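K.L.:
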Amino acid sequence: MKRRCALLPDPAGLCGVIVFLALTLSTGNRALRDGDTLWHIRFGELMLDSGSLITSDTFSHTAFGQPWVAHEWLSEIVMALCYRWAGLPGVAIFYFAVVGLTFTLLFKTASRLAGDGPALTAVAITLPFAMTHLLARPHVFTWLGAALTLHLLVRGGRALWWLVPVTAVWANLHGGVLLGLAIQTLYLAGTLLDNWPGAGGWRERIAPHRQELAVFIASLAAAACNPFGLQLYLFPLLVSSKVFSAEIGEWQTPDFRAIWYLRYWLVAVFLVAASCGRRLSWSWRLLLLLLVWQSMAHIRHVSLTVMLLTPCTALLIRDLAAAIPWRRIEAPSGGDQLALSPWTGPLLIVAGSLALLGSLAAFPAVASRYAGDRFRLPDGYSQGLVDHLARNGFPGKRLLNHYSWGDYLIYALDQPPPVFIDGRADMYGEKIFSDYIAISRLAPEADELMARYDIDWVVFPDDHPFTRTYRIDPRWRTVYSDDEAVILAKAQGAAQP
């Protein structure tokens, strides 16, 4: 049997390459549909220009000077570099490469536990769920970090020590590093429960797992290796408050009518787990409970839940397939063995993304057409309104803007106006966010709140109920209007009640 030089990608690498290419060719517009991408880019550019981190708010008049824990600072710098190199397509393509690497790891972990066939089926099931929160934003680094953490835990041995530097880097990319620590905790707890009660006392039971415990303690310390230290641990508590969970789409509970296939996935996983006869390890039981619980709490976690349970799904598929009495065809033996490399796939993803970014930078005319076709911002943003403000200045000092427009104004104008609110809801806090909701929904106290914040001009979507109401109010005049947005300014001499 001859072995050839290993140049072709293994199944896991091939899976990652296919995912990367499919996303690049078909989902650019989808990845840019969220306004948070825009302020992340702008903040990254500011940090590159100033050579320092952003630690307080300088973009609003409602929270000016408020301390700001920029827990995604490293991601934002990377996004700014990609943007300066290849524009918005560069940012999206970079994140598509990260997703491709994530699916490579998921396939590799699932294949290690259940074989290539079940792994392929599980990954195919996972991909549609990933699309529910596929955005060019730093949370994609948590997809990669969590997949890598799970892979290293399954692999075990000395590879576990890679969790320490992975955690240190992850802590500067996204606050989801806390999930990585939770995965380590549950995996270690599950390993102990698998051997329960065992012989001897606690010391004897823990002794075989001293390395895992040491790695976990070192990872806890590594997570604190960020400019904001232990403040990073407070972020999940801020964004999961009742006000934000009720009003911000990605923090709401899943809508089973929109994500109808989530119902079937949940039922299938629990039914197959109960009926196939395989005893899932306690590690997977605990992870299953944690991940399903968090996906039921916030829709943004659905994609991550299904991705991290890909290896578990592959195990269940393998057991289900083994229980079906179908005829099996034995693969022929002998002949040359096809040599496959575990590194070719990831290298192709990295090289392909760099080649695309370099091509976009080298041929700006082609890049402009490509961006206009496949990497457009949502239609609700008005370039005409931005051009008007750039030419004529701001018609007032204290702006009330629509929530999504705060991000766009910060991104699109070299000198943006101080906004009322933007995508950093956790920084503004519940009071300012609740006041914005009351004003935009024309609550009885809306006029009083407008006066309290001394609002003298407004940027809102053209078809918004707030716009229709205030447009006919004699205290306000229309400064600019197009199909997407309207600028209103307080009429001279007008006073708010």
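Heads up: the sequence shown at position 96 corresponds to 738 in this note's numbering, and the numbers run straight through without jumps. Quick reminder that beta carbons are idealized off the backbone N, C-alpha and C, glycines included. A quick note: this is a predicted structure, and the numbers were derived from the prediction, not measured.
1) Going by the beta-carbon positions, is the gap between residue 941 and residue 893 smaller than 9 Å?
2) Here's the rule: buried if 16 or more other CB atoms are within 10 angstroms of the residue's CB, otherwise exposed. What is residue 925?
3) By Cβ distance below 7 Å, which residues in the same chain neighbour residue 648 in space, the five residues on each side in sequence not counted?
4) Going by alpha carbons, who is nearest to residue 740 out of 700, 673, 1016?
5) Are the region 705-725 and the region 1075-1085 in contact at 8 Å, needing three or more beta carbon pairs?
6) Could you tell me whether the region 714-734 touches the region 777-792, where touching means 3 or more Cβ pairs closer than 8 Å?
7) Can you tell me whether residue 831 is helix, strand or coil according to DSSP?
8) Indicate the three-state DSSP secondary structure (helix, strand or coil) for residue 1122 in the structure shown.
9) Is the Cβ-Cβ distance between residue 952 and residue 752 less than 9 Å?
10) In whole angstroms, what separates the C-alpha of residue 945 from that of residue 1113?
11) Closer than 7 Å by C-beta to residue 664: which residues in its own chain qualify, once you throw out the five before and the five after it? Chain order, please.
12) With a threshold of 8 Å on Cβ separation, who are the neighbours of residue 864 within its own chain once the five nearest residues in sequence on each side are excluded?
13) Per DSSP, which residues does residue 1061 bridge with? Please list them.
14) With DSSP collapsed to three states, give me the class of residue 933.
15) Looking at the secondary structure, which residues open and close the alpha helix (DSSP H) in which residue 750 lies?
16) For residue 1127, which residues does DSSP report across the bridge?
17) Just verifying my parser: in three-state terms, what is the DSSP assignment at residue 1039?
18) Are the beta-carbon atoms belonging to residue 1017 and residue 670 less than 9 Å from one another?
19) Can you tell me which of 679, 699, 695, 694 puts its alpha carbon nearest to the alpha carbon of residue 1071?
20) Where does residue 948 land, buried or exposed, given buried means 16+ other C-beta within 10 angstroms?
21) Classify residue 709 as helix, strand or coil using the three-state DSSP reduction.
22) Using 9 Å as the threshold, is the C-beta distance between residue 817 and residue 877 below it?
23) By a C-beta neighbour count over all protein chains shown, 10 Å radius and 16 as the cutoff for buried, is residue 903 buried or exposed?
24) Below 9 Å between beta carbons: does that hold for residue 1127 and residue 1103?
P.N.:
Reading it off the structure:
1) Residue 941 places its beta carbon less than 9 Å from that of residue 893.
2) Residue 925 should be labelled buried.
3) For residue 648, where only same-chain residues beyond five positions count, the Cβ hits under 7 Å are 981, 982, 983.
4) Per the Cα distances, 673.
5) These segments do not touch.
6) Yes: at least three Cβ pairs fall under 8 Å.
7) Reduced to three states, the DSSP call for residue 831 is helix.
8) It is a strand residue.
9) Yes, the Cβ-Cβ distance between residue 952 and residue 752 is below 9 Å.
10) Per the coordinates, the alpha-carbon of residue 945 lies some 41 Å from the alpha-carbon of residue 1113.
11) Excluding positions up to five away in sequence, the list is empty.
12) Closer than 8 Å at the Cβ level, and outside the excluded window around residue 864, lie 806, 807, 809, 810, 813.
13) Looking at the DSSP assignment, residue 1061 forms a beta bridge with 702.
14) Helix at residue 933.
15) Where residue 750 is concerned, the enclosing alpha helix (DSSP H) stretches over 715-756.
16) For residue 1127, which the question treats as bridged, DSSP gives the partners 1103.
17) Coil.
18) With respect to residue 670, residue 1017 sits close: the two C-beta atoms are nearer than 9 Å.
19) Measuring C-alpha to C-alpha distances from residue 1071 to each of 679, 699, 695, 694 identifies 699 as the nearest.
20) Buried is the call here.
21) In the structure shown, residue 709 sits in a strand (DSSP, three-state: E or B).
22) In this structure, residue 877 lies closer than 9 Å to residue 817 by Cβ.
23) Exposed is the call here.
24) Taking 9 Å as the Cβ cut-off, residue 1127 and residue 1103 qualify as a contacting pair.
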